[in-house]
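What follows is one structure encoded as structure tokens, with my remarks underneath.
In this note's numbering, the protein residues as written are 26 to 329.
Here it is as structure tokens:
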């Protein structure tokens, strides 16, 4: 007998599942007081993980202490500062010399020889930066070491290792901690706009289904039925809350998935089948209309 297990619709979980992060590189900063660093703006997600000691973080409209195990995430890569004390003069991080440790990791030793601190500074790529949830994230998120628990402890341990594979482990743990930080923020975030849609008892489960199975032959009628609303009520409520029509939102999900699959090396015909299109031609038209480039260009990793 075959048993089918149906997962309950968890809108936040499904959307988080689509937020693929990959740490590109990190710097192990061995700092001694007095010290102060200014981090420049970037298009990437930036983070600081305090392994030992403490530091003062300021910028993005917030200032606070970070202690061992704490993680600070700057989702939109804005300018910010870290230092051993508030109001400490800062130096430009990019101007300081660093020693390469591995393919994607460096060592920075800096400061005046006083109280030590060990901080990991890194950058991560959000594979789908145009996802609605990404735009809702605040300028700064902080996850306490206590909240992160065993993952933070593992990160602190691996950050001091020089054994083979430590760089990869640190990068993957950083990705996990960033997702933890996003999840922690979501618990207390206001429920307006897109977040309101995720928490809506009618729209939330529908959004979860769309993210879980974007290749399904969805229509406004089937989505409205899943939401237990009339077509007109569903369409109006969805558009007003999410900010786009149901089918436009579905297309966005499909095209983000398509980009990921093409980048991973799948053929346009394989991607068309995975994203709900009956033909490669129909998929290619939709992809180029949405992204401005053809599937073949994305698959080759080129830019038009």
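Cβ coordinates follow ideal geometry from the N, Cα and C atoms, glycine included. Source: prediction; values computed, not measured.
- Judged by beta-carbon spacing, residue 279 lies beyond the 9 Å limit of residue 156, meaning their Cβ atoms are not closer than that value.
- Cβ contact annotation for residue 270 (same chain, cutoff 6 Å, sequence separation greater than five): 264, in chain order.
- Within the same chain, Cβ atoms closer than 8 Å to the Cβ of residue 128 are found at 192, the five residues on either side in sequence being excluded.
- Cα atoms of residue 291 and residue 160: separation of roughly 28 Å, rounded to the nearest angstrom.
- Looking at the DSSP output, residue 107 sits in a beta bridge with 62 and 82.
- Around the Cβ of residue 216, a 10 Å sphere holds fewer than 16 other Cβ atoms; the residue is exposed.
- Note: residue 124 is bridge-paired with 132 in the DSSP secondary-structure output.
- Cβ contact annotation for residue 162 (same chain, cutoff 6 Å, sequence separation greater than five): 100, in chain order.
- Judged by DSSP in its simplified three-state form, residue 262 adopts helix.
- In the structure shown, residue 69 falls within a coil segment according to DSSP collapsed to helix, strand and coil.
- Rounded to the nearest angstrom, the gap between the Cα atoms of residue 262 and residue 230 is 14 Å.
- If you draw a 10 Å sphere on the C-beta of residue 306, you find fewer than 16 other C-beta atoms in it, and that means exposed.
- By the CB criterion at 9 Å, residue 69 and residue 107 fall outside the cutoff.
- By the criterion of at least three beta-carbon pairs nearer than 8 Å, the region 117-134 is not in contact with the region 233-248.
- For the pair residue 145 and residue 206, the CB atoms are not nearer than the 9 Å cut-off.
- For the 9 Å CB-CB criterion, residue 175 and residue 77 do not form a contact.
- In this structure residue 294 is exposed. Its beta-carbon is surrounded by fewer than 16 other beta-carbon atoms within 10 angstroms.
- By DSSP's assignment, residue 74 forms a beta bridge with 96 and 145.
- Taking C-beta separations shorter than 6 Å and ignoring five residues to either side along the sequence, the partners of residue 48 in its chain run 147, 149, 196, 199 and 200, following chain order.
- Residue 44 and residue 139 have their C-alpha atoms roughly 40 Å apart.
- Taking C-beta separations shorter than 8 Å and ignoring five residues to either side along the sequence, the partners of residue 115 in its chain run 61, 62, 63, 106 and 108, following chain order.
- The DSSP-derived three-state label of residue 257 is helix.
- DSSP places residue 242 in the coil class of the three-state scheme, outside both helix and strand.
- In the structure shown, the three-state DSSP call for residue 280 is helix.
- Following the DSSP letters along the chain, one finds residue 172 inside the alpha helix (DSSP H) bounded by residues 170-173.
- Sequence-distant partners of residue 183 (beyond 5 residues in either direction) whose C-beta falls short of 8 Å from its own C-beta, in its chain, are 191, 194, 195 and 198.
- In this structure, residue 158 places its C-beta atom within 9 Å of the C-beta atom of residue 220.
- DSSP, read as helix, strand or coil, puts residue 315 in helix.
- Within the same chain, and ignoring the five residues on either side of residue 50 in sequence, the residues whose Cβ sits closer than 7 Å to its Cβ are 129, 130, 147 and 148.
- In the three-state reduction of the DSSP assignment, residue 310 falls in the helix class.
- Annotation for residue 242: 301 place their beta carbon closer than 7 Å to its own, counting only its chain and skipping 5 residues before and after.
- By the Cβ-count criterion, residue 185 is exposed, with fewer than 16 other Cβ atoms from all chains shown falling within 10 Å of its own Cβ.
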